Ligand SMILES: C[S@@+](CC[C@H](N)C(=O)[O-])C[C@H]1O[C@@H](n2cnc3c(N)ncnc32)[C@H](O)[C@@H]1O
């Protein structure tokens with residue numbers, strides 16, 4: 063087990079596993095997972111719905127490869143500059159990655175670019191809490207946290223940027239004092255673009 067998986071175990075048990083189990087199986091067809099990390103999502107895909115899974119991260123993790131029980135094409139690359147042609151995926155999955163990308167809006171626009179019209183975007187992110195006291199604590203800790211947690215930011219609000227970018231949000235929810243936000247967004251079909 064990777065150190066990341068051990069560190070995340072309490073959060074996985076209390077919050078994340080339930081969300082992953084509910085939304086990752088919705089991925090269908092040609093799927094791209096951005097920032098697959100240690101491959102924690104692989105166990106939740108419905109293999110019968112997968113035509114092909116491409117998994118991209120800025121670094122490759124050997125344990126992720128061991129977790130895949132179906133064929134996965136692994137890529138090293140950046141969410142902000144995806145090495146794929148326009149409209150090539152039916153589904154894009156992103157979980158807990160937008161906190162640490164350098165340019166979140168560019169990454170969101172790349173997701174839109176590589177999705178086919180009508181394609182699905184499945185995401186989970188931690189966000190700045192709505193509670194004012196908690197938000198102040200997150201803002202105050204962010205600089206130090208970001209240094210020790212590989213560039214992770216506690217102050218972002220990806221769920222709002224995803225909506226503004228034009229995704230039609232079909233399902234969404236939150237957990238853990240609304241710090242974890244998840245959603246299933248759809249890229250507009252061609253006729254609405
Ligand atoms: C906190 S981990 C999340 C891993 C996994 N998706 C999960 O849900 O547990 C963040 C992952 O995003 C990757 N990452 C960070 N910046 C990235 C970028 N610009 N493009 C692609 N992957 C990135 C990191 O290497 C890391 O594997």
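In my numbering, the protein residues as written are 63 to 255. Ideal Cβ positions, reconstructed from N, Cα and C, are used throughout, including at glycine. Quantities reported herein were computed from a predicted structural model and do not represent experimental measurements.
The beta carbon of residue 207 lies closer than 7 Å to those of 214 and 216 in the same chain, with the five residues before and after it left out. The C-alpha of residue 188 is placed about 11 Å away from the C-alpha of residue 162. Looking at the DSSP output, residue 183 sits in a beta bridge with 154 and 247. If you check the CB distance, residue 147 and residue 89 do not come in under 8 Å. The continuous alpha helix (DSSP H) containing residue 172 extends over residues 166-176. Contact check for residue 115 against residue 134 passes: the beta carbons are separated by less than 8 Å.
Excluding the 5 residues flanking it on each side, residue 204 has same chain C-beta neighbours closer than 8 Å at 215, 216 and 217, in chain order. For the pair residue 130 and residue 99, the CB atoms are not nearer than the 8 Å cut-off.
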